[in-house]
Amino acid sequence: MYRTHNCGELSLRNLNNSVTLSGWVQKSRDKGFIIWVDLRDRYGITQLVFDEKRTEKEVYKIAQNLGREFVVQIKGTVIERESKNSNIDTGDIEVLVEKLTILNKAKTPPFTIENQTDGGEELRMQYRYLDIRRNPVKEKLLFRSQVSMAIRNYLTDEGFIDVETPYLIKSTPEGARDFVVPSRMNEGQFYALPQSPQTFKQLLMIGGMDKYFQIVKCFRDEDLRADRQPEFTQIDCEMTFVEQEDILTQFEGLIQSLLEKIKGIKKIPFPRISYDDAIKKYGSDKPDIRFNMTFCELNDLAQGKGFGVFDDQELVVAISVPGGASYSRREIDGLIDWVKRPQIGAKGLIWVKYNEDGTFKSSVDKFFNAADLSAWATFCNSKEGDLILVLSGEAKTTRTQLSALRMELADRLKLRDPNVFAPLWVTDFPLLEWDEQSKRYHAMHHPFTAPKPEHLELLKTNPAAVKANAYDLVLNGNEIGGGSIRIHDQGLQSEMFDLLGFSKEDAKKQFGFLMDAFQYGAPPHGGIAFGLDRLVAILGGEETIRDFIAFPKNNSGRDVMINAPSSLDKNQLEELALKSNLPQT
RNA sequence: GGAAAUGUAGCUUAAUUUGGUUAAAGCGUCGACCUGUCACGUCGAAGACCGCGGGUUCAAGUCCCGUUUUUUCCGCCA
């Protein structure tokens, strides 16, 4: 038997017990006459004592040579410490060791296995198994397991059943790039890894499964970000005989129950906003509503006064920064430079200080008098001491720019408290989006999304105006989930493929199985999918998802620990009937 | 595809602005000492062709060009 107890559970209750422990050497403190060794496992740390007087010579000798991260097993007696340590759970006791076995030696680790490690990101990823021994990473993985279990429990209690769908499926040109897998038995043909189990879950509804969920890996071959990995986990859900309202209620319940179980947050509101309103008020379809600073459109108040930067522009739009009037010239210039960076790309930034004494000072005093500026302030609900910032230009770009500025200011003003949770449903997404590059409509959500029934007629006359029964759940400025009511009518689905520029043949070739299925009694259905990695990270109060994933990829999509991807050897390529243009390395 | 930041002992960083002797410190490692440590302490030692390649110069960690690593962002992510 390797152990009778773990390293986190012994206390004064176990006094004089004979125990066996196994674990890793966290640290050893050799005082010459006495050696303390901190023994660590997942559950905690227990202090071992080796004493010149009380410990056998042979055992003491081995203890002198213990290095960090050695794996050892000990047998000893629980004794009370002479000086206690209130910082750890086992701080009242220590184990006087009688028998010491080195189960495995360890090289000195390349970085310290401590809460505050000296290891950089790259090194930690290369030795991820050592990184996982550290408390912060270990706790994030435990946290993820908790969240995941809470989700399973909730959905199972609600009557959802977990069905697995295949990973080796078919490539489709819509959406993200596919990861592809060559088929040995079908030379020259390829599977694709799923970007989501979308069509399968719809087929499960047609199969009468009624309520389905799956916590499932999905794959997208696109560039990475702090909150984006090429393989990621979705909580994928679908329900039969539901309207949008049923789904919103059901999954509001899921998120609310998570907030309650995981964060102890009692019932909080899940406000709803239409896509159009979100864009108008926040310049974004995933607004962070933990803070205000909503947009106010100044076209009527600011245009026609001879200021060329505003006149003739599609949109003049402002936000009011609380307490911003006290910013120095340098700080404001800093903001102007910030919006002019290529990533934002604004030409400039107009500012108006609404001073504490009620006076105004602005960068456009030449064109606007105090009465004008006062009217802006009233319209924007600004108070004395606020700073009004104005951008103008083409509506879409300007809103995107101001939205980025709004988030940046909120960060600077510390208005994005990770312990505050503000969910928001964004509804009524447009069905389609015009793509300039390919000169055709793209599905904003995906091609299976149902148009709002009252907009069906518009499909023929003005497709861009058609709204869908599609919705996103936004949490603290992050899209954590999205879904829609699906099309279940073969004719309508066929019409959608037409609109998206599919030929009849292509539609049949790629989605014929679904169209066929629609002809055998497809019920109305709809669903939603949540990004688990992101959800867990946000609940854990972090911005990057990497430490919530045991073995993540780096920015270039590489696993630096196992060094993947890598080239295949010649035989393997031949077997798969593949040829590489690149020199093999 | 684009932008910015970045690479110096095992690790984390300094010296780069203004080119000039032997590249500095903390942690870690190793050795000695230490009668209750827990960020143990004291003393000592080893440890770096400054990411790679080229150039300018009497002289390059420092300046220039190229390349590459990692991170963050834009594009992209139905």
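Position one of the first sequence corresponds to residue 1470 (my numbering), numbered consecutively onward. Beta carbons: idealized from backbone N, C-alpha and C, even for Gly.
Where M1984 sits in the DSSP three-state scheme: Correct three-state label for M1984: helix.
Local Cβ density within 10 Å of G1950, reported as buried at 16 or more and exposed below that: Answer is buried; the Cβ neighbour count reaches 16.
Cβ pair count under 8 Å reaching 3, the stretch 2005-2023 against the stretch 1612-1628: Taking 8 Å as the limit for Cβ pairs, the verdict is that the stretch 1612-1628 does touch the stretch 2005-2023.
Close beta carbons around L2047, own chain, < 8 Å, minus the five adjacent residues each side: Setting aside the 5 residues that flank it on each side, L2047 is surrounded in the same chain by P1651 and L2037, each with a C-beta closer than 8 Å to its C-beta; the list follows chain order.
Candidates V1564, H1915, K1822 and D1754: closest to M1965 by CA position: Selection V1564, H1915, K1822 and D1754 evaluated against M1965 yields H1915 as nearest (Cα-Cα).
Three-state secondary structure (DSSP) of K1809: Here K1809 sits in helix by DSSP.
Residues that V1506 bridges to, as DSSP identifies them: Bridge partners of V1506 according to DSSP: S1497 and L1517.
Assigned secondary structure, A1661 (DSSP; H/G/I helix, E/B strand, else coil): Three-state DSSP puts A1661 in a strand.
L1878 versus G1792, K1865 and E1825, residue with shortest Cα-Cα distance: Minimum Cα distance to L1878 is reached at G1792.
Coarse secondary structure for E1633, derived from DSSP in three states: In this structure, E1633 counts as coil in the three-state DSSP scheme.
Within 9 Å, strictly: CB atoms of H1924 and E1643: Taking C-beta atoms as the reference points, H1924 and E1643 fail to come closer than 9 Å.
Nearest-angstrom beta carbon gap, G1996 and C1687 [assumed within contact, 8 Å]: Between G1996 and C1687 the Cβ distance is about 14 Å, and since that is not below 8 Å, they are no contact.
Rounded Cβ spacing between L1983 and T1668 (contact assumed at less than 8 Å): At roughly 5 Å, the Cβ-Cβ gap stays under 8 Å, so L1983 and T1668 are in contact.
Cross-strand partners of A1939 (DSSP beta bridge): Partner(s): S1953.
Simplified DSSP state of T1896, which is helix, strand or coil: T1896 sits in a strand when the DSSP states are folded into three classes.
Per-residue burial, I1630 [other beta carbons within 10 Å of its own, 16 or more giving buried]: By the neighbour-count rule (16 or more Cβ atoms within 10 Å), I1630 is not buried but exposed.
Nearest-angstrom Cβ-Cβ length linking I1562 and V1547, presumed shorter than 8 Å: The C-beta distance from I1562 to V1547 rounds to 5 Å, short enough to fall under 8 Å.
D1826 in three-state terms, based on DSSP: Note: D1826 maps to coil in three-state DSSP.
Reduced DSSP category for K1835 - H, G, I as helix; E, B as strand; rest coil: K1835: coil per DSSP, three-state reduction.
Separation of K2022 from Q2014, as counted between CA atoms: Per the sequence shown, residue 2014 should be read as Ile rather than Gln. Each residue's Cα considered, the two are about 11 Å apart.
Touch test, the stretch 1835-1852 against the stretch 1879-1891, Cβ-Cβ under 8 Å, three pairs minimum: Of all C-beta pairs linking the stretch 1835-1852 to the stretch 1879-1891, fewer than three are shorter than 8 Å, placing the two stretches out of contact.
Per-residue burial, E1538 [other beta carbons within 10 Å of its own, 16 or more giving buried]: Per the 10 Å Cβ criterion, buried.
K1522 to R1472 span [Cα, whole Å]: C-alpha separation (whole angstroms): 26 Å.
Contained beta strand (DSSP E) runs [length at least 3] in the stretch 1698-1732, N- to C-terminal order: Those beta strand (DSSP E) runs which fall completely within the stretch 1698-1732 and span 3+ residues are 1700-1709.
Nearest to M2030 (by Cα), restricted to the options G1777, T1828, G1722 and E1590: Minimum Cα distance to M2030 is reached at E1590.
Residue from D1826, D1958, D1690 and G1777 whose Cα sits closest to the Cα of P2034: With distances taken between Cα atoms, P2034 lies closest to D1690.
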